[in-house]
Structure formats: C-alpha cells, structure tokens
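Here the structure comes first, spelled out in structure tokens, and everything after it is commentary.
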Amino acid sequence: MSDPVLEMRDFRLVFDTYRGTVQALEGVDLTIYPGECVGIVGETGCGKSATARAMLGFVDKPGRVTGGSIKINGRDILKLRSREMRRLRGREIAFIFQEAKKALNPTVTVGTQLLEAVQAHQRVPRKEALERVHEALRQVGLADPDRLMDSYAFELSGGMAQRVMIAIAIVGNANVLVADEPTSALDVSIQAQVLAVLRQAREVTGSALFLITHDLGVAAENCDRIAVMYAGRVVENGTVEDVFSAPSHPYTARLLAALPSAERETLEAIPGTVPDLVDPPPGCRFANRCEKATQLCVEQRPPMSAIAGRRQQVACHHPLVSTKPARQETMSDG
Ligand SMILES: Nc1ncnc2c1ncn2[C@@H]1O[C@H](COP(=O)(O)OP(=O)(O)OP(=O)(O)O)[C@@H](O)[C@H]1O
Ligand SMILES: [Mg+2]
C-alpha cells in the first residue's frame, strides 16, 4: 500500500482558559491514504474542528499543542516555520470551511481569490492560471465562469459560495482536503448537490478528503472509513461497512441508535453529559455514560485494539465485538 498522505499520531492539544487547562485533544491518531475519504464524526465539542484546524497548522491562542506529530506527505508540520506552513497550505493540504460566504474575502472578487490560489504556489503565466481556474469552476459545476469571477461573495447563494470554496481548494492540486461540516450551513436541498460536487471534483483530482460531519448518514454515503471521536479521543475507527454493520464501541452504538430511521421517528438521545475536559477522568472518557462501564473503565484509559477479521479498531475495555490483543495492522488508524 502507498504511504499515507496525512498521518496524525498521539496528537495533543489544550486550551488555556480562565477555568483552567481544557484537555481538548488527548492522543488523537488519524491516517488517510491517497484518494481516500475518511469521515470524522462525534457529538458537539468532541474535538472535530480542533483536529481539522490543527491539520492545517491553525493553532491559535488559547490553543497549545502539547505533543504528537502531524505528517503531511512525510513531513511533520508541527516542526515547520509559519512561512513553510503557509507554503504547504493550498499546495499540499486545503481547507473547506463550513460557512463559505464568511470564509471568502468580501473585499475582492471571486476571480481574484481563485487566481491567487493558483499563483500563491506556482509561477504560472496569467493565461494558464485563468485556464486552470475555469477548469476548476467547471469541475464544481459553475457555468458562466467569467461572470462568476467578477462577482463578490455577498452576491453568491450559499450553495454557489461553497462550490467556489471547493474550487479554491482543488485549484492548488492539494492531495488532501479537510472539510469541516461543509454542508451544514446550507439548505437541505442543496447539501446533497454540494457533496456530489465534492465527490466529482475528487474523482478528477484524486485528492483524499477528511470529511467532518455530525451527520452519520452523510459519512456513510461519502466515506470509505470513519473515525468516531468522543471527548477529545478517537474511540473507534474502521471501514464504513464494518463500523455501521457492527459498531464495537458502546458510544458508536449509541450514536447509530440516535440516527433517525424509517421505523423510528423519535431520536434516542444519549443520556448524561460529556465530562468536563478541564479535569477529565483518568480512564475511558465515556465511562460515566456507559452501561457497560466497570471500575477498570473508570481507572484506566482503554488502548486501541484491532477487531479480529475486520478493518476496524476500538478503544474500549468491553467492546461489543471481540478484539484481539495483537497490535493492529497498518491499514487503518491506531
Ligand atoms: N478557543 C477555545 N477556547 C477554549 N476552549 C476551546 C476553544 N476552542 C475549542 N475549545 C474546546 O475544545 C473542545 C473541542 O472543540 P471543537 O470545536 O473542536 O469541537 P467540535 O467537535 O468541532 O464541535 P462541533 O460539533 O460543535 O463543531 C471543546 O471542549 C471546546 O469547548
Ligand atoms: Mg466543529
């Protein structure tokens, strides 16, 4: 198998607040291979956005990295100077924001921003840059590129702005894209269109995608693998098929049970609350909400273990599917 395009290992991030230090991410492991789509799911506040932003090197105060590594195409970005990191953005990794209209620069035209995205990294004659921009706009299904390039963000609908954002992301030929809830600010009718555009664009460019979503249905439809986060840790990961057919972490099972379905109209909310991350419990962070929790869970952090015969791993002392003690294969995260 080829090398991963992005590999996050034992990543740790805290936020220094007046209440104390929030242990927001505690030992996050994530890997993505060329062309793959990996979904990152979990309830609000579990650390999805903090993880995504860190991959782009966006760690601003009060955030502080306290350990681990994030390798993009083999280079640890945590060791790069900010100038080097800026060069990497757009060229090797690009971000698709939730609210595209706000993320676009309101003071210059869409065309200027697209051309900048091309020329920030390569010395390309203007004519060629223009051709690439037109090509990217076609790929995201935006007709009449000339008129569009003369417009400003405020003139675009939410769906168009998100398409422009995707065009900006793909025009630099980055081999990994990170999209943080790219459709949750859009009307339901537009969401599916934008996800389809993203899929089609990736088919052409071959870029890998981390798709962050609180919507498990979106993850199931778009991703090859998913990582389930809870309170700053990845608690389960595996192929969408394996995780959805047999969730092995009690938290994943509860998340899936909370999905609306044809048979079930009411959502089954997960009882209890996420622990305070200023003073997190030493063991499993889900223990206080888990029916299967024992003293061991309260006291000891469960290690990631592989599940026999499946491309799936779980960090749980009492998984719903039996694990094997051996170290996991290299295929997935862990
Ligand atoms: N600037 C900040 N200052 C203090 N704490 C922060 C800050 N940003 C994030 N956090 C904390 O870090 C944790 C992770 O937040 P994050 O925004 O990554 O969650 P999320 O999974 O993206 O949630 P959502 O689904 O609501 O977008 C939370 O406990 C949050 O309160
Ligand atoms: Mg978020």
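Quick note on numbering: the sequence shown equals residues 1 to 334 in my numbering. For every residue, glycine included, the Cβ atom is placed at its ideal position computed from N, Cα and C.
Query raised in the report: Is Thr21 helix, strand or coil by DSSP?
Result: Position 21 of the sequence shown, counting from 1, holds the residue named residue 21. Strand.
Report task. Give me whichever residues DSSP pairs with Val178 in a beta bridge. Result -> Along the sequence shown, read from residue 1 onward, the residue named residue 178 stands at position 178. Looking at the DSSP assignment, Val178 forms a beta bridge with Phe95, Phe210.
Report task. Would you please verify whether the beta carbon of Pro34 is less than 8 Å from any beta carbon of chain B? Result -> In the structure shown, chain B cannot be found, because there is only a single protein chain.
Query raised in the report: Opposite Ile307 in the DSSP bridges: which residues?
Result: The count along the sequence shown starts at 1 and reaches residue 307 at position 307. Ile307 is bridged to Thr323.
Query raised in the report: Which stretch, first to last residue, makes up the beta strand (DSSP E) that contains Ser69?
Result: Position 69 of the sequence shown holds residue 69. 63–72 is the extent of the beta strand (DSSP E) around Ser69.
Query raised in the report: From which residue to which residue does the beta strand (DSSP E) around Tyr230 run?
Result: Position 230 of the sequence shown, counted from the first residue, corresponds to residue 230. That run of the beta strand (DSSP E) goes 225–230.
Report task. Just the C-alpha distance for Ala269 and Gln113, rounded to the nearest angstrom, thanks. Result -> For the purposes of this step, residue 269 is taken as the residue at position 269 of the sequence shown. For the purposes of this step, residue 113 is taken as the residue at position 113 of the sequence shown. Taking the straight line from one Cα to the other gives about 42 Å.
Query raised in the report: Helix, strand or coil: how does DSSP classify Gln313 here?
Result: The residue given as residue 313 occupies position 313 in the sequence shown. Strand at Gln313.
Query raised in the report: Can you give the beta carbon distance from Pro319 to Phe286, rounded, assuming they're within the 8 Å contact cut?
Result: By 1-based counting over the sequence shown, the position of residue 319 is 319. By 1-based counting over the sequence shown, the position of residue 286 is 286. About 12 Å separates the two Cβ atoms, so there is no contact after all.
**Report entry** Nearest to Leu156 (by Cα), restricted to the options Ala219, Leu104, Glu36
**Finding:** Here residue 156 is taken as the residue at index 156 of the sequence shown, counted from 1. Comparing Cα-Cα distances from Leu156 to each of Ala219, Leu104, Glu36, the minimum goes to Leu104.
**Report entry** beta strand (DSSP E) segment containing Val234, residue limits
**Finding:** Indexing the sequence shown from 1 puts residue 234 at position 234. Counting along the chain, the beta strand (DSSP E) containing Val234 begins and ends at 233–239.
Query raised in the report: What whole-angstrom Cβ distance do Ala50 and Leu13 have, given they're in contact under 8 Å?
Result: By 1-based counting over the sequence shown, the position of residue 50 is 50. By 1-based counting over the sequence shown, the position of residue 13 is 13. Indeed they touch by this definition, with Cβ atoms about 6 Å apart.
Query raised in the report: With a Cβ-Cβ cutoff of 8 Å, do Arg132 and Thr239 count as a contact?
Result: On the sequence shown, residue 132 is found 132 positions in, with the first residue counted as 1. On the sequence shown, residue 239 is found 239 positions in, with the first residue counted as 1. Not a contact, by the Cβ cut-off of 8 Å.
Query raised in the report: In chain order, what residues of the same chain lie with their CB nearer than 7 Å to the CB of Ala201, ignoring the 5 residues before and after it?
Result: Here residue 201 refers to the residue found at position 201 of the sequence shown. Here the set comprises Gln139, Val140, Ile166, Ile170.
Query raised in the report: At which residues does the alpha helix (DSSP H) containing Cys335 begin and terminate?
Result: This structure cannot settle anything about residue 335, because the visible part of the chain is limited to 1 through 334.
Query raised in the report: Per the contact definition of three or more C-beta pairs closer than 8 Å, is the segment 82–102 in contact with the segment 14–22?
Result: no
**Report entry** Counterpart residues of Asp76 in DSSP-defined beta bridges
**Finding:** Taking the first residue of the sequence shown as 1, we reach residue 76 at position 76. According to DSSP, which records beta bridges pairwise, Asp76 is partnered with Lys71.
**Report entry** Touch test, the segment 181–196 against the segment 119–128, Cβ-Cβ under 8 Å, three pairs minimum
**Finding:** no
**Report entry** DSSP three-state assignment for Glu135, whether helix, strand or coil
**Finding:** Within the sequence shown, residue 135 is the residue found at index 135, counting from 1. Three-state result, Glu135: helix.
Requested in this report: Provide the residue span of the beta strand (DSSP E) that contains Val41, from first to last.
Outcome: Working through the sequence shown from its first residue, we reach residue 41 at position 41. It spans 37–41 - the beta strand (DSSP E) in which Val41 sits, taken as one unbroken run.
**Report entry** Lys79: CB within 7 Å of a non-hydrogen atom of ligand 2
**Finding:** Taking the sequence shown and counting its residues from 1, the one referred to as residue 79 is at position 79. No, since every heavy atom of ligand 2 falls outside the 7 Å radius drawn around the Cβ of Lys79.
Query - Helix, strand or coil at Thr112 [DSSP, three-state] - result: For the purposes of this step, residue 112 is identified with residue 112 of the sequence shown, where counting begins at 1. Correct three-state label for Thr112: helix.
Query raised in the report: From Ile212 to Gly42, what does the alpha carbon distance come to, in whole angstroms?
Result: Taking the sequence shown and counting its residues from 1, the one referred to as residue 212 is at position 212. Taking the sequence shown and counting its residues from 1, the one referred to as residue 42 is at position 42. Rounded to the nearest angstrom, the two C-alpha atoms are 9 Å apart.
Query - Whole-angstrom distance between Leu115 and Phe154, CA atom to CA atom - result: Here residue 154 refers to the residue found at position 154 of the sequence shown. Here residue 115 refers to the residue found at position 115 of the sequence shown. If I take the Cα positions, the gap works out to 19 Å.
Query raised in the report: Do Ile96 and Val176 have their C-beta atoms within less than 8 Å of each other?
Result: Residue numbering aside, residue 96 sits at position 96 when the sequence shown is read from its first letter. Residue numbering aside, residue 176 sits at position 176 when the sequence shown is read from its first letter. No, the pair does not count as a contact, with Cβ atoms beyond the cut-off.
Requested in this report: Please classify Glu236: is it buried, with 16 or more other beta-carbons within 10 angstroms of its beta-carbon, or exposed?
Outcome: Counting from one through the sequence shown, the residue named residue 236 turns up at place 236. By the neighbour-count rule (16 or more Cβ atoms within 10 Å), Glu236 is buried.
Query raised in the report: In or out: Asp144 buried (at least 16 other Cβ within 10 Å) or exposed?
Result: Within the sequence shown, residue 144 is the residue found at index 144, counting from 1. Looking at its Cβ environment, which holds fewer than 16 other Cβ atoms inside 10 Å, Asp144 is exposed.
Query raised in the report: In angstroms, rounded to a whole number, what distance separates the CA positions of Ala326 and Val314?
Result: Within the sequence shown, numbered from 1, the residue matching residue 326 stands at position 326. Within the sequence shown, numbered from 1, the residue matching residue 314 stands at position 314. Low confidence applies here, because Ala326 scores a pLDDT of 45, under 50, leaving its location unreliable; read the following figure in that light. Spanning the two alpha carbons is a distance of roughly 13 Å.
Requested in this report: Provide the residue span of the alpha helix (DSSP H) that contains Gln193, from first to last.
Outcome: Here residue 193 refers to the residue found at position 193 of the sequence shown. From DSSP, the alpha helix (DSSP H) with Gln193 extends over 188–205.
Query raised in the report: Under 8 Å, do Leu186 and Gly232 count as touching if we go by C-beta distance?
Result: The residue given as residue 186 occupies position 186 in the sequence shown. The residue given as residue 232 occupies position 232 in the sequence shown. No, these two residues do not count as a Cβ contact at 8 Å.
Query raised in the report: Any heavy atom of ligand 1 closer than 7 Å to the CB of Leu211?
Result: On the sequence shown, residue 211 is found 211 positions in, with the first residue counted as 1. No, Cβ of Leu211 sits at least 7 Å from all heavy atoms of ligand 1.
Requested in this report: Look up Val124 in the DSSP assignment and say whether it is helix, strand or coil.
Outcome: The residue you call residue 124 lines up with position 124 of the sequence shown. The answer is coil: DSSP assigns Val124 none of H, G, I, E or B.
Report task. Name the residue from Ala246, Gly172, Asp224 whose alpha carbon lies nearest to the alpha carbon of Ala136. Result -> As a position in the sequence shown, residue 136 is number 136, starting the count at 1. Out of Ala246, Gly172, Asp224, Gly172 has the C-alpha closest to the C-alpha of Ala136.
Query raised in the report: Arg289 by DSSP, collapsed to three states: which one?
Result: Here residue 289 is taken as the residue at index 289 of the sequence shown, counted from 1. DSSP places Arg289 in helix when its eight states are reduced to three.
**Report entry** 8 Å Cβ cutoff met for Val22 and Val234
**Finding:** Residue numbering aside, residue 22 sits at position 22 when the sequence shown is read from its first letter. Residue numbering aside, residue 234 sits at position 234 when the sequence shown is read from its first letter. Result no, Cβ atoms of Val22 and Val234 do not sit closer than 8 Å.
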